[in-house]
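Undergrad: Going by numbering that gives the first Met the number 0, 30 is the number at position 31 of the sequence shown; the sequence numbering is gapless.
Note that the Cβ used here is the ideal one computed from N, Cα and C, for glycine as well.
The following block contains the structure, expressed as structure tokens.
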Amino acid sequence: MNDVKILNKAVFACPLIVANFGQANEDLNLNLCKDIKTEMLTEAYVERSGVNAWQSQSGMETKYDSFSLLRDQLEKVLFSQLKNFGFADEDVMRENSIISDLWANVIENSAGFHMPHTHSGGKNFFTGAYYPANIWGQKTVTDFEKLPNLKYGGADDGDLILFDEMKTLKTINIPESKELINKHGFYGADICVTPKESVLVAFPCYKQHMVIPRKDPRVSISFSLHWK
Numbered sequence: 000m001n002d003v004k005i006l007n008k009a010v011f012a013c014p015l016i017v018a019n020f021g022q023a024n025e026d027l028n029l030n031l032c033k034d035i036k037t038e039m040l041t042e043a044y045v046e047r048s049g050v051n052a053w054q055s056q057s058g059m060e061t062k063y064d065s066f067s068l069l070r071d072q073l074e075k076v077l078f079s080q081l082k083n084f085g086f087a088d089e090d091v092m093r094e095n096s097i098i099s100d101l102w103a104n105v106i107e108n109s110a111g112f113h114m115p116h117t118h119s120g121g122k123n124f125f126t127g128a129y130y131p132a133n134i135w136g137q138k139t140v141t142d143f144e145k146l147p148n149l150k151y152g153g154a155d156d157g158d159l160i161l162f163d164e165m166k167t168l169k170t171i172n173i174p175e176s177k178e179l180i181n182k183h184g185f186y187g188a189d190i191c192v193t194p195k196e197s198v199l200v201a202f203p204c205y206k207q208h209m210v211i212p213r214k215d216p217r218v219s220i221s222f223s224l225h226w227k
């Protein structure tokens, strides 16, 4: 084997970034929830992907300091991490790209969910969701530093599900494909993320995703990272 030259590389991969801001964001989370409630009382909801869900106008970072602060946090994380996926330094600098158009999503009962959708359009190239609270404004997390569950298949209540659009082609000729899918992410497995307070989940804007129903309320904030 010493004479064998091998290249081992994942191709056609999809970037996924999961970041936990931890207990340091506790107060910011409460302020975000407070401002979302204010918005719900004063502004009409926008029809997007939500069913039995409330969604705000885009641009919440221009109205509320809490959203502006969150935007700055998201930029620092994404600008640093996207370089790991081949983005050039100039691609992820405020001079050339920016996070904006933040909007809030609120599901208040078990009949609410988000249909499969993408955040593509315009100059967007990355997107995601930040979770300020599991239940309205309540501090429900005790293990702040632990990253959320991320698994292939087997969704739990309220999970964010990321779909592999090539699933049908990838599994059509694979024996015992279910077992293989459960072990590997290269054969069309859906990725399920169980959200928790202070966590960011980010992915390319073209990635189809949805949110399944959950018994308790769920609050999230979405955004767009786009070229200037």
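Closest by CA to D71, which one among D100, H208, T37 and K8?
TA: It is D100 whose Cα lies nearest to the Cα of D71.
Undergrad: What ranges does the alpha helix (DSSP H) occupy inside the stretch 10-57, keeping only unbroken runs of at least 4 residues that lie completely in it?
TA: Fully enclosed alpha helix (DSSP H) runs of 4 or longer: 25-41.
Undergrad: What separation, rounded to the nearest whole angstrom, lies between the Cα atoms of I97 and D2?
TA: I97 and D2: Cα-Cα distance of roughly 47 Å.
Undergrad: Is the Cβ-Cβ distance between P234 and L68 less than 7 Å?
TA: As displayed, the chain neither begins before 0 nor continues past 227, which places residue 234 out of reach and without an answer.
Undergrad: Assess, as a yes-or-no matter, whether the stretch 117-128 is touched by the stretch 146-156 under the definition of 3 or more beta carbon pairs within less than 8 Å.
TA: Because the criterion of three Cβ pairs below 8 Å is not met, the stretch 146-156 and the stretch 117-128 do not touch.
Undergrad: Name the two residues that bound the continuous alpha helix (DSSP H) containing L69.
TA: D64 to Q80 is the extent of the alpha helix (DSSP H) around L69.
Undergrad: Distance check for K227 and G121, CA to CA, integer angstroms please.
TA: Roughly 10 Å between the two C-alpha positions.
Undergrad: Shortest alpha-carbon distance to V76 belongs to which of A201, V210, V10 and F11?
TA: Of A201, V210, V10 and F11, the residue nearest in Cα terms is A201.
Undergrad: Can you tell me which of S221, K4, L159 and L6 puts its alpha carbon nearest to the alpha carbon of H118?
TA: For the residues S221, K4, L159 and L6, the minimum Cα distance to H118 belongs to S221.
Undergrad: How would you call M165, buried or exposed, if buried means at least 16 neighbouring beta carbons within 10 angstroms?
TA: With fewer than 16 other Cβ atoms within 10 Å, it is exposed.
Undergrad: For Q80, which residues of its own chain have a beta-carbon under 7 Å away from its beta-carbon, when the five flanking residues on both sides are left out?
TA: Here the set comprises I16.
Undergrad: Straight-line CA distance for F162 to C13?
TA: C-alpha separation (whole angstroms): 11 Å.
Undergrad: Enumerated in chain order, which unbroken segments of the beta strand (DSSP E) with a length of 3 residues or greater are wholly contained in the stretch 140-164?
TA: Whole beta strand (DSSP E) segments, 3+ residues: 149-151 and 159-161.
Undergrad: Pairing CB atoms from the stretch 19-37 with CB atoms from the stretch 185-197, are three or more of them under 8 Å?
TA: Touching, yes.
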